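Heads up, the thing below is written out as structure tokens.
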Amino acid sequence: MTRVTDRDRARLRPARLAVPATCGVLAVLLLVVAALLHAADPTGLVGMPALGAPLWWWAVAVLLLQAVALASRPHADARVLVAVAAAVPALAGLGEGIGVGLLAVLVAAYEVTLYRGRARTVPALVVAGLLVACGVAWAELRIGSEAALAVTGGLVQALGSVGLPVLAATVVGARRETRAARAESLAARAREHDALVRVAVERERTAMARELHDIAAHHLSGIAVMTGAIGRQIDVDPAGAKAAVAQVREQSTAMLRDLRNLVVLLRDDDAPAHGPGVVRMETLAGVSELVAAARAQDVDVTLRRSGPVDEVAGSGALGPLAQLVVYRTVQEALANASRHAAGASCEVHLDARPDDRLEVTVRNAAPPHDDEPPAHEPGYGLVGMRERAEVTGARLRYGPTGEGGWEVRLTVPVAVPPPDQPDQPAHLPAHHASLQPSHQAARQASHEASHQPADPTTPEGDAP
1 MTRVTDRDRA RLRPARLAVP ATCGVLAVLL LVVAALLHAA DPTGLVGMPA
51 LGAPLWWWAV AVLLLQAVAL ASRPHADARV LVAVAAAVPA LAGLGEGIGV
101 GLLAVLVAAY EVTLYRGRAR TVPALVVAGL LVACGVAWAE LRIGSEAALA
151 VTGGLVQALG SVGLPVLAAT VVGARRETRA ARAESLAARA REHDALVRVA
201 VERERTAMAR ELHDIAAHHL SGIAVMTGAI GRQIDVDPAG AKAAVAQVRE
251 QSTAMLRDLR NLVVLLRDDD APAHGPGVVR METLAGVSEL VAAARAQDVD
301 VTLRRSGPVD EVAGSGALGP LAQLVVYRTV QEALANASRH AAGASCEVHL
351 DARPDDRLEV TVRNAAPPHD DEPPAHEPGY GLVGMRERAE VTGARLRYGP
401 TGEGGWEVRL TVPVAVPPPD QPDQPAHLPA HHASLQPSHQ AARQASHEAS
451 HQPADPTTPE GDAP
């Protein structure tokens, strides 16, 4: 709400008094003109007093009182309208010149309807109309008009001096309300747009954080394990230590490459479909590479396949985004096992089930009892896996096994595309599929596909 200061009131006061002052001056001038016309032609304006006569001065005083009543409030209210209308019968001595007193009634009726509302001021408008009708009829009767003509003239004058301002104010008020509603609609749209932008930005941040976590956690976990092995081998097995250093370099280079691809994507979301910033999108076939990379880091991991896994991946039944979700889930699960259960054996099981589901299970055994688990803080790996699963309608479950290990199980629905559906491209920008919903959210209201809710069985965190 805007605060009105004393300086603002002082500046607005002259403008507020302009209408009443103009109304009073104009009414007096009309009274002077009417007296002069009557003096020039006594047959015109019957009953009009002469200029300077006591009745003429009485009329001047009444007109000025009407102006004062209009100036008593910022906008006329019901009391002001009734007051200025009550002055009309007091001007009945002007005869046919009584019309000079209707100017203030016109102004008051217009302001009352416009600023107070017609529904709230109907009684005052009716009273004002009756007062005007009575005053005009009385003036007509004083100059010898017939009663029927006097009453008819009074009603016509009342309708014109009260009804027409009400009609004009109603039209103006409706236009104001339309403009206000339009402005409110535009403001609501602007607020909605701002909210959508905030949501899109938040999704961008979440997607970026998820990608950075997937990239950095996987490679850094391997680097941490290998540097620990280097510390133990450097004195007893220099050759093995050198080989481990080479693996550290390879992991560091791979992480830098993945980060560079992510930066390229974030800098230019509309990049061409092929070019330096475009790499092969991770698919289900990349799971074998993840297992091989884990074995190169001396992790005891096996890959087992059940059912037509390759056919599911190659037939298009499992879309690119779903394949990327499988790849990232296996990558994160192996990174967690390497970080929190170093030395424990792992198994990656890809099971293409006959009920149109692909079940991906990553299970690690309990860590060796003689190894103290490294201190860590709960991370966001499981959160990221669950969010990815929700995007594709998959179901993610994770939790400890009965043997003291940890298991992550992802169940992805497999749907055969319609015959007329075009094949998905085999190459997309790096990490594009995982970020694409978030980028598109900046251009549209929602991007999420329908999905089943995830079913986590443990609190948030990465630790198996």
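Per full-length UniProt numbering, residue 1 is the first one in the sequence shown, and the count goes up by one each step.
A virtual CB, placed ideally from N, CA and C, is assigned to each residue, including glycine.
These figures come from a predicted structure and were not determined experimentally.
Alpha-carbon spacing of residue i relative to residue j, whole angstroms
i: R142; j: P165; result: 28 Å
i: G286; j: A254; result: 14 Å
i: A294; j: D300; result: 8 Å
i: P417; j: A187; result: For P417, the predicted structure reports a pLDDT of 49, less than 50, and the residue's modelled location is therefore unreliable. A value from the coordinates is still provided. The straight-line gap from Cα to Cα measures roughly 43 Å.
i: residue 494; j: A92; result: Lying before the first or after the last residue shown, residue 494 is absent from the chain, which here runs from 1 to 464.
i: S161; j: A183; result: 33 Å
i: residue 480; j: D194; result: In this structure the chain extends from 1 to 464, so residue 480 is not present and cannot be described.
i: Y110; j: A168; result: 7 Å
i: V88; j: R116; result: 23 Å
i: K242; j: V391; result: 43 Å
i: E407; j: V330; result: 11 Å
i: A200; j: T206; result: 10 Å
i: P368; j: H340; result: 11 Å
i: E140; j: E96; result: 7 Å
i: A375; j: Q247; result: In this predicted model, A375 has a pLDDT of only 44, less than 50, meaning its place in the structure is not dependable enough to derive any value.
i: H75; j: V19; result: 10 Å
i: G405; j: R363; result: 7 Å
i: D269; j: E202; result: Because D269 sits at a pLDDT of 48, beneath the cut-off of 50, its placement in the model cannot be relied upon, and the point is left open.
i: L159; j: G153; result: 10 Å
i: R73; j: T170; result: 21 Å
i: E359; j: S252; result: 31 Å
i: L31; j: S145; result: 22 Å
i: P54; j: L17; result: 28 Å
i: D235; j: R386; result: 43 Å
i: A148; j: A181; result: 48 Å
i: L220; j: M226; result: 10 Å
i: L256; j: S345; result: 28 Å
i: R176; j: L106; result: 20 Å
i: W56; j: A39; result: 13 Å
i: G228; j: L290; result: 21 Å
8 Å Cβ cutoff met for residue i and residue j
i: A365; j: E403; result: yes
i: L94; j: M48; result: yes
i: A104; j: C23; result: yes
i: I98; j: V136; result: yes
i: Q323; j: T283; result: yes
i: Q157; j: V126; result: no
i: V28; j: V60; result: yes
i: L36; j: L51; result: yes
i: L382; j: A394; result: no
i: L63; j: G101; result: yes
i: V412; j: L318; result: yes
i: S315; j: G222; result: no
i: A124; j: A78; result: yes
i: L70; j: V80; result: yes
Member of the options whose CA lies at the smallest distance from the CA of residue i
i: A307; options: S338, V112, N336, D356; result: Correcting the residue type first, residue 307 is Gly in the shown sequence and not Ala. Cα-wise, what sits closest to G307 is D356.
i: I230; options: V245, G222, Q331; result: V245
i: L334; options: Q157, E192, A292; result: A292
i: A108; options: A119, E282, V84, R191; result: V84
i: V326; options: L29, V112, L350; result: L350
i: T361; options: R339, V197, L396, P367; result: L396
i: T302; options: S315, H75, E347; result: E347
i: residue 478; options: G228, V414, P368, S288; result: Only positions 1 to 464 of the chain appear in the structure, and residue 478 is not among them; the question remains open.
i: N336; options: P354, R191, G399; result: G399
i: R353; options: V312, M385, G381; result: V312
i: A224; options: P42, Q297, V309; result: Q297
i: A90; options: L130, W58, D237, A190; result: W58
i: V82; options: P54, A53, V122, T43; result: V122
i: C134; options: A119, L155, L149; result: L155
For residue i: DSSP bridge partner residues
i: R305; result: L350
Near the ligand COA: residue i beta-carbon under 7 Å from a heavy atom
i: A200; result: This structure does not include the ligand COA; it has no bound ligands of any sort.
Min CB distance residue i to chain B below 8 Å
i: A292; result: Considering every chain present, this structure includes no chain B. It has just one protein chain.
**OP:** Tell me the start and end of each unbroken alpha helix (DSSP H) in the UniProt domain "Histidine kinase/HSP90-like ATPase" (326–414) that is at least 4 residues and wholly inside, in chain order.
**Re:** Contiguous alpha helix (DSSP H) elements confined to the UniProt domain "Histidine kinase/HSP90-like ATPase" (326–414) occur at 381–391, taking only those with 4 or more residues.
Subject >> alpha helix (DSSP H) runs contained entirely in the segment 79–143, provided each spans 4 or more residues >> reply: Counting only runs of 4 or more, we get 102–111, 122–142.
Original post:
Which full runs of the alpha helix (DSSP H) of 4+ residues lie inside the segment 146–185, going along the chain?
Top reply: If we require 4 residues or more, the alpha helix (DSSP H) runs fully inside the segment 146–185 come out as 147–158.
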